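The sequence shown begins at 2 in the numbering used here and counts up by one. Just so it is clear, CB atoms sit at the ideal spot from N, CA and C, and this is done for glycine as well. Since the structure is predicted, the reported quantities are computational estimates derived from the model, not experimental observations.
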Amino acid sequence: APAAMDQVQAMFSNVEIIVMEARGLQRLSTGMDKKCWGACVESVMTGNLTDAEVRCVDNCVSKFLDVSEIVTQENSKAAAVELQRQKQEANQNKNWARRLAGVF
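What follows is the structure in structure tokens.
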């Protein structure tokens with residue numbers, strides 16, 4: 002039964018990760034749309050973007066994605082460092098618990 006519970010917890014953790022990633026992508030897309038559209042498109046009266054607007058949007062999206070990738074990499078590094086710190090702290094707590102158990 003404990004192994005089954007571990008599998009269920011792992012499955013829920015994976016679902017949570019997928020949902021968080023989807024939300025992050027949605028925020029990225031919304032931010033990029035607002036920023037690039039607002040900065041590059043003057044009017045939609047003609048129904049078509051001008052060549053300059055297309056270039057502007059292309060450049061803006063490219064830069065937005067480059068920056069987003071850098072931020073994601075840095076966040077991943079920070080999360081890995083934090084996870085390592087938490088593991089070390091948990092191990093220290095286990096060691097203290099063992100020492101205390103030996104005393105009492």
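Helix, strand or coil: which one does DSSP assign to residue i?
i, result
"residue 96", "helix"
"residue 42", "coil"
With distances taken Cα to Cα, identify the nearest neighbour of residue i among the options.
i, options, result
"residue 38", "94, 57 and 100", "57"
"residue 65", "100, 36 and 48", "36"
"residue 27", "15, 13, 69 and 83", "69"
"residue 73", "101, 12, 17 and 22", "22"
For residue i and residue j, which I take to be in contact (beta-carbon distance under 8 Å), what is that distance rounded to the nearest angstrom?
i, j, result
"residue 29", "residue 42", "Actually they are not in contact, since the Cβ atoms of residue 29 and residue 42 sit about 19 Å apart, beyond 8 Å."
Worksheet item: Between the region 55-73 and the region 90-102, are three or more C-beta pairs nearer than 8 Å?
Response: No, the region 55-73 does not touch the region 90-102.
Worksheet item: Which parts of the region 45-105 are runs of the alpha helix (DSSP H), unbroken and 4 residues or longer, counting only runs that do not cross its ends?
Response: With a minimum length of 4 residues, the continuous alpha helix (DSSP H) runs that stay inside the region 45-105 are 52-104.
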